[in-house]
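K.L.:
So the first sequence is numbered by the UniProt record's numbering: it starts at 1 and just counts up by one. Shown below is the structure under consideration.
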Amino acid sequence: MPELPEVETIRRTLSKKVQGKTIRCVEILLPRLIKWPSAPEFQAVVTHKTVKNLARRGKYLLFYLSEGQVMVVHLRMTGRLYYRTPDMARDRFTHLVFTFENGDELLYADTRTLGTLYVMPEGELWRISGLSQMGPEPLSAEFTLSYLQTILAKRKGKIKSLLLNQNLIGGLGNIYVDESLALAGIHPERAANSLTDEETKNLFQAINQVIQAGIDHGGTTFRDYRNGEGKSGDHQRHLRVYGRKNQLCAICGSKIERTEVGGRGTHYCPHCQH
DNA sequence: CTTCACGCCTGTCAGC
DNA sequence: TGCTGACAGGCGTGAA
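Here it is as structure tokens:
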């Protein structure tokens, strides 16, 4: 479900609510979502810890807890985190319930149950390879034009697949990759190393612009995504190509096409993207 | 090392 | 109405 803008929006909406709160107990209704350590150990470690800070890296959320522990959550396709007071309805697909000392709850809900949770001391985060091997993310100081040029230079795979590789760039997913390529005027099946300097520069700017817009609009809601307050995002109203098959391109009026690239649904304007 | 197909899960929707 | 197949915002694994 969520990509960088959605996870960042969840972080912002949840942060002020969970910070400083102490976890009284944890109910684990679907233990297989816990990837490290075992579910009983996870429960034991998290219980009675205080949330110090809520951070994000790519699409991972990191709850920094007291005693140097970090709870890591990846929402994958349909994971959702809700903060709620006891009077509010519980999501039908709730699999974990964290109850705070004041009675409020943090719910982890997930329709397809592909999400993953971990808890470990900060010094052991290297265990999560997707986190420790993640490339620089858009809008960060490490994500520069020369970095993008370097990773494109020797790769002959499709540009779309490269942009989805979290080890190269962290945080981009299917929506924002399609949108970035549309804004840059680049066809998703172009070989990465075939981009000109001008196209690479346009792509660099497009990625940052699209991610910033996604954050500014509080994320994109197609179906499942909600922020930490259970509210939908707004960026779906600003999409150029994603989910717009057979609708008209706002620039040239051509019909947006949908194909498959690297096994992922892919949307582009056949007239504007080369 | 890069690239690709596949599996993991469950729900929704279009088409027949 | 009921059924079937395609599709879904992600990523780890194993094979070529």
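Each residue gets a CB set at the ideal place from its N, CA and C atoms; glycine is no exception. Here the structure is a predicted model, which is why all the values come from computation and not from measurement.
If you draw a straight line from the C-alpha of V97 to the C-alpha of K52, how long is it?
P.N.:
Start at 1 with the first residue of the first sequence, and residue 97 comes out as number 97. Start at 1 with the first residue of the first sequence, and residue 52 comes out as number 52. Roughly 19 angstroms separates the two Cα atoms.
K.L.:
Pick helix, strand or coil for L106, following the three-state DSSP scheme.
P.N.:
The residue given as residue 106 occupies position 106 in the first sequence. It is a strand residue.
K.L.:
Exposed or buried, what is D110 when buried is set at 16 or more other beta-carbons lying within 10 Å of its beta-carbon?
P.N.:
As a working mapping, residue 110 is identified with position 110 in the first sequence. With 16 or more Cβ atoms within 10 Å of its Cβ, D110 is classed as buried.
K.L.:
Pick out whichever of N102, L106, Q273, G79 has its Cα sitting closest to the Cα of F93.
P.N.:
Stepping through the first sequence from its first residue, residue 93 is reached at position 93. Considering only alpha carbons, the answer is G79.
K.L.:
What would DSSP say about G79, mapped onto helix, strand or coil?
P.N.:
By 1-based counting over the first sequence, the position of residue 79 is 79. Judged by DSSP in its simplified three-state form, G79 adopts strand.
K.L.:
Let's test the definition: count the other Cβ atoms within 10 Å of the Cβ of G253 and tell me whether it reaches 16, buried, or not, exposed.
P.N.:
Sequence index remark: in the first sequence, residue 253 carries index 253 (1-based). Under this definition G253 is an exposed residue.
K.L.:
To the nearest angstrom, report how far apart L203 and E179 are at their CA atoms.
P.N.:
For this step, residue 203 is matched to residue 203 along the first sequence. For this step, residue 179 is matched to residue 179 along the first sequence. Straight-line Cα distance between these residues: approximately 10 angstroms.
K.L.:
Compare the C-alpha of A44 against each of F143, Q69, L30, L62 and name the closest.
P.N.:
For the purposes of this step, residue 44 is identified with residue 44 of the first sequence, where counting begins at 1. Nearest C-alpha to A44: Q69.
K.L.:
Three-state secondary structure (DSSP) at Y60?
P.N.:
To locate residue 60, count along the first sequence from 1; it is residue 60. Strand.
K.L.:
Rounded to whole angstroms, what's the CA-CA distance from H217 to S146? Just pull it up for me.
P.N.:
Here residue 217 is taken as the residue at index 217 of the first sequence, counted from 1. Here residue 146 is taken as the residue at index 146 of the first sequence, counted from 1. Whole-angstrom Cα-Cα distance: 28 angstroms.
K.L.:
Is DSSP giving H187 helix, strand or coil here?
P.N.:
Here residue 187 corresponds to residue number 187 of the first sequence, with the count starting at 1. It is coil, neither helix nor strand.
K.L.:
Quickly, what does DSSP pair E257 with across the bridge? List them, please.
P.N.:
Locating residue 257 in the first sequence gives position 257, where the first residue counts as 1. BP columns for E257 point to Y268.
K.L.:
Report yes if the C-beta distance between R226 and Y82 is below 9 angstroms; otherwise report no.
P.N.:
By 1-based counting over the first sequence, the position of residue 226 is 226. By 1-based counting over the first sequence, the position of residue 82 is 82. With respect to Y82, R226 sits close: the two C-beta atoms are nearer than 9 angstroms.
K.L.:
Report back the beta-carbon spacing between R76 and T116 to the nearest angstrom; my notes put them in contact at under 8 angstroms.
P.N.:
Locating residue 76 in the first sequence gives position 76, counting from the first residue. Locating residue 116 in the first sequence gives position 116, counting from the first residue. Yes, they are in contact, since the Cβ atoms of R76 and T116 sit about 7 angstroms apart, within 8 angstroms.
K.L.:
What is the DSSP secondary structure of P138, counted as helix, strand or coil?
P.N.:
One-based indexing of the first sequence puts residue 138 at position 138. Coil, per DSSP.
K.L.:
Which runs of the beta strand (DSSP E), 3 residues or longer, sit entirely within the region 169-242?
P.N.:
No beta strand (DSSP E) of 3 residues or more sits fully in the region 169-242.
K.L.:
Enumerate in chain order the residues of its own chain whose CB-to-CB distance from G135 is below 6 angstroms, with the five nearest sequence positions on each side excluded.
P.N.:
Mapped onto the first sequence, residue 135 falls at position 135. N167, L168, I169, G170.
K.L.:
Rank G185, G228, E189 by C-alpha distance to the C-alpha of I207 and give the top, closest one.
P.N.:
Position 207 of the first sequence, counting from 1, holds the residue named residue 207. If we check each option's Cα against that of I207, G185 comes out closest.
K.L.:
H235 and A213: beta carbons closer than 9 angstroms?
P.N.:
Locating residue 235 in the first sequence gives position 235, counting from the first residue. Locating residue 213 in the first sequence gives position 213, counting from the first residue. Yes.
K.L.:
Could you spell out the range, first to last residue, of the alpha helix (DSSP H) harbouring L152?
P.N.:
Here residue 152 is taken as the residue at index 152 of the first sequence, counted from 1. From DSSP, the alpha helix (DSSP H) with L152 extends over 145-153.
K.L.:
Between which two residues does the alpha helix (DSSP H) harbouring T13 extend?
P.N.:
Here the question's residue 13 lines up with position 13 in the first sequence. Per DSSP, T13 belongs to the alpha helix (DSSP H) from 4-18.
K.L.:
May I have the straight-line CA-CA distance separating K158 from E3, to the nearest angstrom?
P.N.:
Counted from its first residue, the first sequence places residue 158 at position 158. Counted from its first residue, the first sequence places residue 3 at position 3. Cα to Cα, the separation comes out at about 20 angstroms.
K.L.:
Classify P40: buried if its beta carbon has 16 or more other beta carbons within 10 angstroms, exposed otherwise.
P.N.:
The sequence position of residue 40 within the first sequence is 40, counting from 1. Classification for P40: exposed.
K.L.:
Going straight from the alpha carbon of T150 to that of G262, what length do you get?
P.N.:
Residue numbering aside, residue 150 sits at position 150 when the first sequence is read from its first letter. Residue numbering aside, residue 262 sits at position 262 when the first sequence is read from its first letter. About 22 angstroms.
K.L.:
For G58, which of Q133, T144, L14, L30 has the nearest alpha-carbon?
P.N.:
Position 58 of the first sequence, counted from the start, is the residue given in the question as residue 58. Residue Q133 is the option with its Cα nearest to G58.
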